[in-house]
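A quick write-up on the structure given underneath.
Numbering (UniProt numbering), first residue to last: 1 to 257.
Pasting the structure below:
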């Protein structure tokens, strides 16, 4: 199908799901709510559903500033509101004077529950406070089964969505040159690593592109790709600005502060 030519091969299975969701809304003439989607998945849904026709789509993740959002596909007669996205916001209460918890600690505890990553939205960590969004349909299960995070005893408190901590995303941007647009070359430049070190991280499954693990150093990056390496943070390839006289690629990279 011509549609698939516009996407990477590893995205084809997700595209099949989106097509199925769209057809379901057309057939049943009723809304379809998805799990939480990462930004790349949201882009794919938007491009396939479009903004006209018999099916429309909107996104919400519990707050305006979040990355991960649930998609709501619906027929033209339907007017969505925040309640239709079925999102719960939890505050994590723990002895902050004695324990230091990070984003990865919270994510690890949530994933140990046996639920899909798609049941959880953004995890907000700031100044010792922790909040996270989750699908409302699993909220009771989460409250029942999360009693510790790391070695810390915790309790979960349901909050209204309006109580979400505002987090601002900031990028330190700059223009650099790379020998190629291969993942290992871009990653090495972004995090100031030796090319071999970047390659090892990738082959060890510690690198994600657009929130998906990519273990092939030869993977070709493109504008808009978000790269992350465990222990090093996140960067974004904002644009590819062409070749230099020395036949190197000039790119604009941003590193998340």
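We treat Cβ as the ideally placed atom computed from N, Cα and C, and that holds for glycine. A quick note: this is a predicted structure, and the numbers were derived from the prediction, not measured.
CA-to-CA, the gap between residue 3 and residue 157 works out to about 44 angstroms.
Within the region 171–217, the complete alpha helix (DSSP H) runs of at least 4 residues fall at 183–191, 195–203.
Residue 153 sits in a strand when the DSSP states are folded into three classes.
Under the DSSP assignment, residue 33 falls in the beta strand (DSSP E) whose first and last residues are 32–37. Below 8 angstroms, enough C-beta pairs join the region 69–79 and the region 16–34 to call them touching: three or more. The Cβ atoms of residue 10 and residue 212 lie closer than 9 angstroms to each other. For residue 22, no beta strand (DSSP E) segment is defined; the enclosing uninterrupted segment is the alpha helix (DSSP H) at 12–28. For residue 108, the uninterrupted alpha helix (DSSP H) run begins and ends at 103–111, by DSSP. In terms of Cα proximity to residue 208, the closest of 218, 189, 195, 229 is 229. Close CB contacts of residue 26 within its chain, under the 7 angstroms cut and outside five residues either way in sequence, are with 54, 55 (chain order). If you compare the alpha carbons of 241, 147, 29 with that of residue 77, the shortest gap goes to 29. A straight line joining the alpha-carbon of residue 196 with that of residue 237 spans about 20 angstroms. Within the model, the alpha-carbon separation for residue 179 versus residue 170 is close to 27 angstroms.
Residue 182 is a Cβ neighbour of residue 220, given a cutoff of 9 angstroms. Bounds of any alpha helix (DSSP H) do not take in residue 91; it lies within the beta strand (DSSP E) bounded by 87–93.
A Cβ-Cβ separation of about 6 angstroms places residue 89 in contact with residue 164 under the 8 angstroms criterion.
Taking 9 angstroms as the cut-off, the Cβ atoms of residue 41 and residue 65 do not count as close. The three-state secondary structure of residue 230, taken from DSSP, is coil.
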